[in-house]
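K.L.:
One structure follows; several queries about it will come next.
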Amino acid sequence: MKEKVILMCIDGMRPDGFLSCGNPFIHKMLELGSYCLESSSVFPSSTLPCHMSMFHSVPPERHGILSNTYVPMVRPVSGLFEQIRLMGGVSDMYYGWEPLRDIGQPKSLMRSGYICARGEDDTDNKLTELALKRIREDQPDFIFLYQVETDEKGGHDNGWMSEPYLGYIHVAIENVKRVYEAIQEVREKTGDNYTLIITADHGGHDRLHGTQMKEDMTIPTFFIGDRFEPGKQLSDVSILDLAPTIADIMGVPIPREWEGTIIH
Numbered sequence: 000m001k002e003k004v005i006l007m008c009i010d011g012m013r014p015d016g017f018l019s020c021g022n023p024f025i026h027k028m029l030e031l032g033s034y035c036l037e038s039s040s041v042f043p044s045s046t047l048p049c050h051m052s053m054f055h056s057v058p059p060e061r062h063g064i065l066s067n068t069y070v071p072m073v074r075p076v077s078g079l080f081e082q083i084r085l086m087g088g089v090s091d092m093y094y095g096w097e098p099l100r101d102i103g104q105p106k107s108l109m110r111s112g113y114i115c116a117r118g119e120d121d122t123d124n125k126l127t128e129l130a131l132k133r134i135r136e137d138q139p140d141f142i143f144l145y146q147v148e149t150d151e152k153g154g155h156d157n158g159w160m161s162e163p164y165l166g167y168i169h170v171a172i173e174n175v176k177r178v179y180e181a182i183q184e185v186r187e188k189t190g191d192n193y194t195l196i197i198t199a200d201h202g203g204h205d206r207l208h209g210t211q212m213k214e215d216m217t218i219p220t221f222f223i224g225d226r227f228e229p230g231k232q233l234s235d236v237s238i239l240d241l242a243p244t245i246a247d248i249m250g251v252p253i254p255r256e257w258e259g260t261i262i263h
């Protein structure tokens, strides 16, 4: 692999939720890399359709996942995990919502960790601990780390922009900080160079999401790494752009079916 990447998705994080969560590291994130606070998700703005688009760089009408129930693609599109494996790369995934298991094909992952957000407390911290252990010990080429409590326990249980919702974003951003610090340690010790990308799958309103409302469709995105200009504000960023951008950073072939563009 040319370079390594960690992708963190904070489920249901709205840009105004990010800015209002009270974690001081949000200011550091705006300084460290390039960012867009008005990135576009896809419709329906639901978790599984959004993640399928995130990893396959095609809209839901192309991959066919229109709800949180997985159905096989009529005309399969190779996803990011499969492209990394094709080039001999090692990928991990740590997640707290079981249907996400279907965003990658069998044998596309080296390791995965699943903790049900409804079954345990402190899920996001526990998932982050699993990822940090791998980052420090084995340095896989690609890690997908999913933060779920923002959506499950924050938005759906208490409402978007409620105090509990902002509190869960605060925790997720603290985990972003922990991952950022870990990859700096790894770089100093081993020379392995990680790019850290932070995004959301969708936003939300009241206790819902899935519509075409701006509150549901607008997400923040951050790119922290050597190829991204610190403090640069980007425009016209889409969730479809993540897979081709990661593939380009890693030196992985981009399937011609992918519709997103490479972010610089």
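Here the sequence shown is numbered in numbering that gives the first Met the number 0, starting from 0 and rising by one per residue.
Built from N, CA and C at the ideal position, the CB exists for glycine as well.
Between residue 273 and the rest of its own chain, which residues show a CB-CB distance below 6 Å, the 5 nearest in sequence each way excluded?
P.N.:
Nothing about residue 273 can be reported from this structure: the residues present for the chain run from 0 to 263 only.
K.L.:
Smallest Cα separation from residue 214: which of 8, 248, 17?
P.N.:
Taking only the C-alpha atoms, the option nearest residue 214 is 17.
K.L.:
For residue 83, I'd like the list of residues in its chain whose CB is within less than 6 Å of its CB, leaving aside the five on either flank, ordered along the chain.
P.N.:
Around residue 83: 90, 141, 251.
K.L.:
To the nearest angstrom, report how far apart residue 153 and residue 104 are at their CA atoms.
P.N.:
Using only the alpha carbons, I get a separation of about 30 Å.
K.L.:
I need the boundaries of the alpha helix (DSSP H) containing residue 91, first residue and last residue.
P.N.:
Run containing residue 91: none in the alpha helix (DSSP H); it sits in the beta strand (DSSP E), 90-94.
K.L.:
Helix, strand or coil for residue 175 per DSSP?
P.N.:
It is helical.
K.L.:
Using the three-state DSSP reduction, which class does residue 204 fall into: helix, strand or coil?
P.N.:
Three-state DSSP puts residue 204 in a strand.
K.L.:
Let me know if residue 263 comes out buried or exposed under the rule of 16 or more other beta-carbons within 10 Å of its beta-carbon.
P.N.:
Answer is exposed; the Cβ neighbour count stays below 16.
K.L.:
Check this for me: beta carbons of residue 216 and residue 39, under 8 Å apart or not?
P.N.:
Yes, these two residues count as a Cβ contact at 8 Å.
K.L.:
Residue 49 lies in the alpha helix (DSSP H); which residues open and close that run?
P.N.:
Run containing residue 49: 46-55, per the alpha helix (DSSP H) assignment.
K.L.:
On a CA-only basis, which of 206, 176, 58, 192 is nearest residue 163? Give me that one, please.
P.N.:
When only C-alpha atoms are compared, the closest one is 206.
K.L.:
So for residue 75, helix, strand or coil by DSSP?
P.N.:
Of the three classes helix, strand and coil, the one that applies to residue 75 here is coil, per DSSP.
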